[in-house]
Amino acid sequence: MERCCELHPWLGDRDRLNELPDVAVVGPHAPDIRGHDPLSSLPGEYDHEQIQYPDNQGSEFLRKFHSGGHEGFEVAWNEAQQPHMPPNFQQRDNPSLFSTFDQIYDGVNAPVSRWEGPPQNILSGFLHQFVHSNQAGIPFCPATLPVMGLSQRDKHCIRDRSSIMARHFFADKSDDYINAQVNALLHSLEIDNDLQARGPPHRRFPELKQYWNESQGAAKFEAPHAEDRWVAEYDQFRPAEGPESWANSFEQQYGVDSWASQFEQEQSQVSSLGRMTGRNISNIAAMEQTRMLAETLAQNEDPKFQNSKFLQFVSKMSRGELIVDNNQVKPAVPSQSSGWVEEFDQQHNNNINSWADQFAGELPHTENAWIREFANEQQQRGNTEDQWVNEFSKLHLQDWGDEFHDQMSKGAFGDGPTDHWADEYDKFLEESLGPVQKPSGSSSGIYVFASQNPYVGHPNPLKEGQELFRNGLLSEAVLALEAEVLKNPDNAEGWRLLGIANAENDDDQQAIASMIRARDADPTNLEVLLALGVSHTNELEQAAALKYLRGWLQHHSKYGTLIPPGEPDVLVHADVAGYFNEAARMAPEDADVHIVLGVLYNLSREFDKAIASFQKALKLKPHDYSLWNKLGATQANSVQSADAIYAYQQALDLKPNYVRAWANMGISFANQGLYDKSISYYVRALSMNPKAENAWQYLRISLGCASRYDMLNACDTRNLDALQKEFPL
Amino acid sequence: MPVFKFPFHGYSVKFSPFIETRLAVATAQNFGIIGNGRQLVLDLTPGGMVSPVGFDTSDSAYDCAWSESNENLLASATGDGSIKLWDVASSSLLVNLHEHTREAHSIDWNPTRKDSFLSASWDDTLKLWAEGRMQSIRTFREHSYCVYSAAWNPRHPDVFASASGDCTMRVWDVREPNSTMIIPAHEGEILTCDWNKYNDCVIASGAVDNSIKVWDVRSYRAPIAVLMGHRYAVRRVKFSPHSEGMIASCSYDMTVCAWEYRAEDALVARYDHHTEFALGVDMSVLVEGLLASTSWDQAVYVWQHGTDPRAS
Numbered sequence: 001m002e003r004c005c006e007l008h009p010w011l012g013d014r015d016r017l018n019e020l021p022d023v024a025v026v027g028p029h030a031p032d033i034r035g036h037d038p039l040s041s042l043p044g045e046y047d048h049e050q051i052q053y054p055d056n057q058g059s060e061f062l063r064k065f066h067s068g069g070h071e072g073f074e075v076a077w078n079e080a081q082q083p084h085m086p087p088n089f090q091q092r093d094n095p096s097l098f099s100t101f102d103q104i105y106d107g108v109n110a111p112v113s114r115w116e117g118p119p120q121n122i123l124s125g126f127l128h129q130f131v132h133s134n135q136a137g138i139p140f141c142p143a144t145l146p147v148m149g150l151s152q153r154d155k156h157c158i159r160d161r162s163s164i165m166a167r168h169f170f171a172d173k174s175d176d177y178i179n180a181q182v183n184a185l186l187h188s189l190e191i192d193n194d195l196q197a198r199g200p201p202h203r204r205f206p207e208l209k210q211y212w213n214e215s216q217g218a219a220k221f222e223a224p225h226a227e228d229r230w231v232a233e234y235d236q237f238r239p240a241e242g243p244e245s246w247a248n249s250f251e252q253q254y255g256v257d258s259w260a261s262q263f264e265q266e267q268s269q270v271s272s273l274g275r276m277t278g279r280n281i282s283n284i285a286a287m288e289q290t291r292m293l294a295e296t297l298a299q300n301e302d303p304k305f306q307n308s309k310f311l312q313f314v315s316k317m318s319r320g321e322l323i324v325d326n327n328q329v330k331p332a333v334p335s336q337s338s339g340w341v342e343e344f345d346q347q348h349n350n351n352i353n354s355w356a357d358q359f360a361g362e363l364p365h366t367e368n369a370w371i372r373e374f375a376n377e378q379q380q381r382g383n384t385e386d387q388w389v390n391e392f393s394k395l396h397l398q399d400w401g402d403e404f405h406d407q408m409s410k411g412a413f414g415d416g417p418t419d420h421w422a423d424e425y426d427k428f429l430e431e432s433l434g435p436v437q438k439p440s441g442s443s444s445g446i447y448v449f450a451s452q453n454p455y456v457g458h459p460n461p462l463k464e465g466q467e468l469f470r471n472g473l474l475s476e477a478v479l480a481l482e483a484e485v486l487k488n489p490d491n492a493e494g495w496r497l498l499g500i501a502n503a504e505n506d507d508d509q510q511a512i513a514s515m516i517r518a519r520d521a522d523p524t525n526l527e528v529l530l531a532l533g534v535s536h537t538n539e540l541e542q543a544a545a546l547k548y549l550r551g552w553l554q555h556h557s558k559y560g561t562l563i564p565p566g567e568p569d570v571l572v573h574a575d576v577a578g579y580f581n582e583a584a585r586m587a588p589e590d591a592d593v594h595i596v597l598g599v600l601y602n603l604s605r606e607f608d609k610a611i612a613s614f615q616k617a618l619k620l621k622p623h624d625y626s627l628w629n630k631l632g633a634t635q636a637n638s639v640q641s642a643d644a645i646y647a648y649q650q651a652l653d654l655k656p657n658y659v660r661a662w663a664n665m666g667i668s669f670a671n672q673g674l675y676d677k678s679i680s681y682y683v684r685a686l687s688m689n690p691k692a693e694n695a696w697q698y699l700r701i702s703l704g705c706a707s708r709y710d711m712l713n714a715c716d717t718r719n720l721d722a723l724q725k726e727f728p729l
Numbered sequence: 001m002p003v004f005k006f007p008f009h010g011y012s013v014k015f016s017p018f019i020e021t022r023l024a025v026a027t028a029q030n031f032g033i034i035g036n037g038r039q040l041v042l043d044l045t046p047g048g049m050v051s052p053v054g055f056d057t058s059d060s061a062y063d064c065a066w067s068e069s070n071e072n073l074l075a076s077a078t079g080d081g082s083i084k085l086w087d088v089a090s091s092s093l094l095v096n097l098h099e100h101t102r103e104a105h106s107i108d109w110n111p112t113r114k115d116s117f118l119s120a121s122w123d124d125t126l127k128l129w130a131e132g133r134m135q136s137i138r139t140f141r142e143h144s145y146c147v148y149s150a151a152w153n154p155r156h157p158d159v160f161a162s163a164s165g166d167c168t169m170r171v172w173d174v175r176e177p178n179s180t181m182i183i184p185a186h187e188g189e190i191l192t193c194d195w196n197k198y199n200d201c202v203i204a205s206g207a208v209d210n211s212i213k214v215w216d217v218r219s220y221r222a223p224i225a226v227l228m229g230h231r232y233a234v235r236r237v238k239f240s241p242h243s244e245g246m247i248a249s250c251s252y253d254m255t256v257c258a259w260e261y262r263a264e265d266a267l268v269a270r271y272d273h274h275t276e277f278a279l280g281v282d283m284s285v286l287v288e289g290l291l292a293s294t295s296w297d298q299a300v301y302v303w304q305h306g307t308d309p310r311a312s
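Top line first, the protein sequences correspond to chains W and Y.
In case it helps, the UniProt record's numbering puts the first sequence at residues 1 to 729.
In case it helps, the UniProt record's numbering puts the second sequence at residues 1 to 312.
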């Protein structure tokens, strides 16, 4: 309805209503702002608010944003236009808050309460603090605020936006830090940071993973086109897929070890930090936070950041010059109040030079090289500028613009022709997609056999393949197993092992394709269903992953009854996770159930839960190297690279020729900025499998980041001897 | 050059492609976390900047774009997901396009097919719109996290790029069913992208890793330039319409920077006139070297490249 409206005269007005100077000024302790509706007399206004905010409370709240504190929007507007305003902070939304600061700095002794006044004002000031807490990388102090009367919609809005935006202005901080900051804000506002919150984006690896696989899929899809040079070229050079590709085997290995309890302990420390709430932070913790804040502040060299009044405030507080007493800020020892200024100046002066030096040191030194390289390339390419666009347009649709202009020239303007244009587009899309059958996800599901296979004609390729796989000769094993399934296409075991070998050999597309064939041959094979669930999770294909994981439970002799009969139209993650949690209660000793739960929580990006599940499974199966790799990959995803390295090390102790784990170690080190260290691990991985194109790419990046330009040539010429000599492990 | 103060926090500034003294500024209350928004239209006059028209929005205004076909048509992307088209001449809302289910964060008008524009949203999608249509023509779903920015190619009417928090930049051709290129351009969230106005194969990206990278889409395995110098996340990059190698950028480090990406010492100028996160920067197409920037310090500055923005 809203989107269809054309020129409703009230539409603009509706938007403006929130901005009208409010007639009712809400006092500092408005008894109940919820029942208060000062604008209800405006004709039609109520209805429109209803459209906007199903929850009427929200509109009430927002409407009063200007009413409290300011005299109204126009006043604020005029204030902002005044010339000769001090450059900063005077024209804030919350003048009272900052005048408080000013008073404190000016040595005014009178204690001033901070969080008083109309809720809208307090919220503005509070959000202000939150936003500015980045400037010195300081933890944001939770506070006890008066009841805000925020509606659910407002709360969701604050929660989601602060979560997303905090990841931009706290980008240099860890996820734990960011979560703590956001939680401090949300808890102070009594907003539950529940599971619906927009979490952090998953970081580099899953994205790369999906990206590489997609491009791989695209390359296959478009292979017949001769002009797809860039795709082929790209495919050839594609660097590693993500390290967490853990569509691996699930051998039955049992045993118990003591590492897990240690892990859980660390884990609980981490998560308790993340769950920090306004309520349970004692004064001591608050002081500690303030101290840390001040330390970080001292390290931040930018004079502008140091001039921030909020940061000065915090710095003062950390030295005990200000105290929070019953939610009031009071100068503790006013006579000391000039001390911080000198200290600031000192820090400031000391740091100017070092900052400049540091900056000069950070400037990239490689620019010359690439500029020359680029200039050369440019010359070689000559006049090919349009080529890449033409290459895109493989479907050779009649240009949508021409068509549109044709219709325009016929004289009609308005919905008619443009509708037609869009219809045409839809039709085209349908037609062009129809014959090729749009792939549901990135996995095409068609297994591509090697063109030349020495094992074709082998008397027992399955046995040979199993042997090669056990010895870690994955590429050879893949060939032998391909020979097997070419000979016996209905051999589920052959397809399954081929899938596992492909997965360990860094090829999830082929792994999925083999597993799908294995499932066709044996639709109830649990290992196959589980492997398919894992592979699709790697591909971030939630619906497919849920389908297979549900199937696993359905066909399991023990847990089949947990699944309600019938196929649901849409699988909901929470339902499937619920079934598995039920299964885990039934059989807490079944490692597979915990593994699937871990996979499921990876799917929903609940990495803490995923890590806990894998750790439970590892207690039952401590010798499962692929499980250690899963744990490591999950920890890497949740930005716990240090823990991930420990997990990968476990995997390597169990399977020293696990090339992928060596490379993953390198990636984890590189992720922590330890590029020197990462190089040795990449080199080790490459010495075991020089064909690992991805690892070469990662190695090149790390060499660059570690300023080892002297070894770039060895990398480009694939001189493993020189690299191993230079970077022993 | 002039400065203009307003009560909200500045998110985006855009020069009019028709009137050399006119610009639009998208602003939001409470840093865009909660509250209202206001879409400003500003005119440069000998006596400073004035605001002949402003439009209030019920949620934050995160970005704006001038129509390339009608000098009075202005579009805003707002926090409730709606795209609003304003008629500046009559000070009225023309159309409210509400399809995005989350915050609409970026909007870009097609400079070559001047009746169409793109929006990017935190609902992970981009939408293609056309003047005169009440529904979007197409929705582009591929990104797996918020899409922060969309930018049309300056030369090819069907080609655009998107920057997302999923750490990829994607290049699209609207005639194709899927994106035609996926560039994992940064290790962190990518907040912005823009095409070179002289070389239609060159695109720049800016991200939370503090870097700006310049890419050639014909060989995008590695960037052709990495511009380091910002100390916090890069919020916006913009190629100059007048100088082939020049890029303007703004950042959460509160500065606006000018770069010559092909030069050895790429950083040309650093402007530190803002006192809060700098979120919007633009370069005038009509006046060479004229820059504008806006920030959460509730001000927009307009100045000539090479001069001090604060000097009046």
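Ideal placement from N, C-alpha and C gives every residue a C-beta, glycine not left out.
Check: With a cut-off of 8 angstroms, does the C-beta of His573/W fall near any C-beta of chain Y?
Finding: No, His573/W lies away from the interface with chain Y (no Cβ there is under 8 angstroms from its Cβ).
Checklist line | Other residues of its chain near Leu686/W: CB distance less than 8 angstroms, five sequence neighbours each side excluded | finding: Ala692, Ala695, Trp696, Leu699, Leu720 and Leu723
Item checked: Whole-angstrom C-beta distance between His305/Y and Leu291/Y, which should lie under 8 angstroms -> 5 angstroms
Notebook entry, point to check: Going by DSSP, what residues sit across from Asp108/Y in a beta bridge?
Noted result: When DSSP reads this structure, Asp108/Y sits in a beta bridge with Leu118/Y.
Notebook entry, point to check: Asp308/Y: buried (16+ other C-beta within 10 angstroms of its C-beta) or exposed?
Noted result: The residue in question, Asp308/Y, is exposed, as its Cβ has fewer than 16 Cβ neighbours within 10 Å.
Next item on the list: Run down chain W in chain order and give the residues with a C-beta less than 8 angstroms from the C-beta of Ala233/Y.
Entry: His168, Phe169 and Ala171
Note to self: Using 8 angstroms for Cβ pairs, my map puts His9/Y next to Ala28/Y. What's the rounded Cβ distance?
What the structure shows: Rounded, the Cβ-Cβ distance is 6 angstroms, consistent with contact.
Item checked: Neighbour list for Leu191/Y in chain W, Cβ cutoff strictly below 8 angstroms -> Chain-order list of chain W residues neighbouring Leu191/Y: His168, by C-beta distance under 8 angstroms.
Margin query: Contact defined as beta carbons within less than 8 angstroms: I believe Val182/W pairs with Phe31/Y. What is the distance between those atoms, to the nearest angstrom?
Written below: Taking C-beta atoms under 8 angstroms as the contact rule, Val182/W and Phe31/Y fail to qualify, at a distance of about 14 angstroms.
Next item on the list: Report back the beta-carbon spacing between Glu103/Y and Ser121/Y to the nearest angstrom; my notes put them in contact at under 8 angstroms.
Entry: 6 angstroms
Note to self: Using the Cβ count rule (16 or more neighbours within 10 Å means buried), how would you classify Ala89/Y?
What the structure shows: exposed
Item checked: Collapsed DSSP secondary structure at Thr192/Y in the structure displayed -> strand
Next item on the list: Confirm, please, whether the CB-CB distance from Tyr455/W to Ala483/W is below 8 angstroms.
Entry: yes
Notebook entry, point to check: So, is Arg470/W buried or exposed, given that buried needs 16 or more other C-beta atoms within 10 angstroms?
Noted result: exposed
Margin query: By alpha-carbon positions, which one of Glu99/Y, Ser243/Y and Arg231/Y ends up nearest to residue 349/Y?
Written below: No statement about residue 349/Y is possible, as the shown extent of chain Y runs from 1 to 312 and does not include it.
Check: In chain order, what residues of the same chain lie with their CB nearer than 7 angstroms to the CB of Phe727/W, ignoring the 5 residues before and after it?
Finding: Beyond the five residues adjoining it in sequence on each side, Phe727/W comes within less than 7 angstroms, by CB distance, of Ile679, Ser680 and Val683 in the same chain, given in chain order.
Item checked: Residues of the segment 710 to 722 of chain W whose Cβ lies closer than 8 angstroms to any Cβ of chain Y, in chain order -> Going along the segment 710 to 722 of chain W in chain order, one finds no residue with a Cβ nearer than 8 angstroms to chain Y.
Item checked: Same chain, Cβ closer than 6 angstroms to Arg708/W, neighbours up to 5 away in sequence not counted -> none
Check: Any beta-carbon of chain Y closer than 8 angstroms to the one on Ile158/W?
Finding: yes
Check: Closer than 8 angstroms, CB to CB, is Val208/Y near chain W or not?
Finding: yes
Next item on the list: Spell out a yes or no on whether the segment 40 to 51 of chain Y and the segment 106 to 113 of chain Y are touching, meaning 3 or more CB-CB pairs, one atom from each, closer than 8 angstroms.
Entry: no
Notebook entry, point to check: Val13/Y and Asp253/Y: beta carbons closer than 8 angstroms?
Noted result: no
Next item on the list: Confirm, please, whether the CB-CB distance from Tyr625/W to Leu603/W is below 8 angstroms.
Entry: no
Notebook entry, point to check: If you run the structure through DSSP and keep just helix, strand and coil, what is Arg175/Y?
Noted result: coil
Margin query: Between which two residues does the alpha helix (DSSP H) holding Ala544/W run?
Written below: Gln542 to Gln554
Check: Are there 16 or more other CB atoms within 10 angstroms of the CB of Met246/Y, so buried, or fewer, so exposed?
Finding: buried
Next item on the list: State yes or no: is the beta carbon of Met665/W nearer than 8 angstroms to at least one beta carbon in chain Y?
Entry: no
Next item on the list: Would you list, in chain order, the members of the segment 32 to 45 of chain Y that have their beta-carbon closer than 8 angstroms to a beta-carbon of chain W?
Entry: Gly32, Ile33, Ile34, Gly35, Asn36 and Arg38
Next item on the list: Use the C-beta contact count for Gln269/W: other C-beta atoms within 10 angstroms, 16 or more gives buried, fewer gives exposed.
Entry: Any reading at Gln269/W must be qualified, since the residue scores a pLDDT of 40, below 50, and its modelled position is unreliable; no value is offered.
Check: Should Trp152/Y and Ile83/Y be called a contact, given that it needs their Cβ atoms to be closer than 8 angstroms?
Finding: no
Notebook entry, point to check: Does the Cβ-Cβ distance between Glu582/W and Leu562/W come in under 8 angstroms?
Noted result: The answer is yes: Cβ separation under 8 angstroms.
Next item on the list: May I ask you to list the residues that DSSP assigns as paired with Met169/Y?
Entry: Ala163/Y and Ile183/Y
Notebook entry, point to check: With distances taken between CB atoms, is the gap from Ala258/Y to Leu227/Y smaller than 8 angstroms?
Noted result: no
Note to self: Below 9 angstroms on C-beta distance, what does Trp122/Y contact in chain W?
What the structure shows: Asp160, Arg161, Ile164 and Arg198
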